[in-house]
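Q: I have a structure I would like to understand better, so I am pasting it below and will then ask my questions one at a time.
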Amino acid sequence: MSKYILFFFLLATLGSCKNDELMDYNSGHFLQWTMADSDSLKFSFSHYPENDELEVKLELQLKGDLLKKAQSYRIEVVDSLTSALPGNYRLPENPLFRPEQVVDTFSFVLVKNDALSAPVVLTLAIVTNDYFMPGMEAYRYACIVFNNVPTKPLWWDDEMERYLGTYSPLKYEQFILCTKVNDLSGVDPVTLRKYALEFKAYIALNGITEANGDPMEIPIY
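Quick note on full-length UniProt numbering: the sequence shown kicks off at 1 and runs consecutively.
Right under this line is the structure:
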């Protein structure tokens, strides 16, 4: 299964903006990621228990004249800054930037396998081809850190424990399987209570316990 995720980001430490303002965009077509000076993208396949693959879409921005027809561009893996194995990802062979667009997306797939028992890094670079050149230096690299290690989501805080109780990897996995929801950030209290009661009924119906056999408790009534 696959799930579409759209992220806009760049690893700031890979480049500097020095002298970028002097670039002459009238001299050709330049591509760059849409954001710089941000943290690398981090996520865990454990937050998507039904997914063996995830399709990631990153925004690219064109600097220079708009295209009259679609043109191919090159994205390459930076081996010296990558620990992910080739089996952990699939990149398109001939990505195209669409005509008459200032912003387009680059799509690729991350693959879950046994190599993700610890975090790995995938670093992608925009490189020169026959039609495009990389844009500003600080916008040329994208870094993705991913794994299949159970991790507690940031939104599962003390307030969320009023609805779902104490976090455990198995409880989180079962919650996702029950509700098809893996992120409760910003969800209103009425909806939170609805999800919690739905999950509580699911646990009772299926006789689900914690990994050690203890009851899987949901405190909401």
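In this text, a Cβ means the ideal position worked out from N, Cα and C, and glycines have one as well.
Helix, strand or coil for S107, going by three-state DSSP, please let me know.
A: strand
Q: Among all the DSSP beta bridges, which residues are the ones paired with R74?
A: V127
Q: For the alpha helix (DSSP H) containing Q174, name the first residue and the last one.
A: 169-179
Q: Distance, Cα to Cα, T105 vs R98?
A: 9 Å
Q: Per DSSP, what kind of secondary structure is L154 in: helix, strand or coil?
A: coil
Q: Around the C-beta of F9, are 16 or more other C-beta atoms found within 10 angstroms, so that it is buried, or is it exposed?
A: Residue placement at F9 cannot be trusted, given a pLDDT of 41 that sits under 50; the coordinates are not used to answer.
Q: So is the beta-carbon of D130 under 7 Å away from any non-hydrogen atom of the ligand NAP?
A: Inclusion of the ligand NAP in the displayed structure is not the case, the ligand content being empty and no account of it being possible.
Q: Let me make sure I understand the geometry here. Which of W155, I176, M136, L124 has the alpha-carbon closest to that of L41?
A: L124
Q: Please name the residue in Q32, Y89, P219, V102 whose C-alpha comes closest to that of Y163.
A: P219
Q: Classify L54: buried if its beta carbon has 16 or more other beta carbons within 10 angstroms, exposed otherwise.
A: Burial call: buried.
Q: Taking the straight line between their C-alpha atoms, what separation do you get for G87 and C178?
A: 30 Å
Q: With DSSP collapsed to three states, give me the class of S44.
A: S44 falls in the strand class under three-state DSSP.
Q: Among D130, L122, M136, whose alpha-carbon lies nearest the alpha-carbon of I144?
A: L122
Q: State the CB to CB distance for the pair F146 and P119, rounded to an integer number of angstroms; the pair is presumed to be in contact (CB under 8 Å).
A: 7 Å
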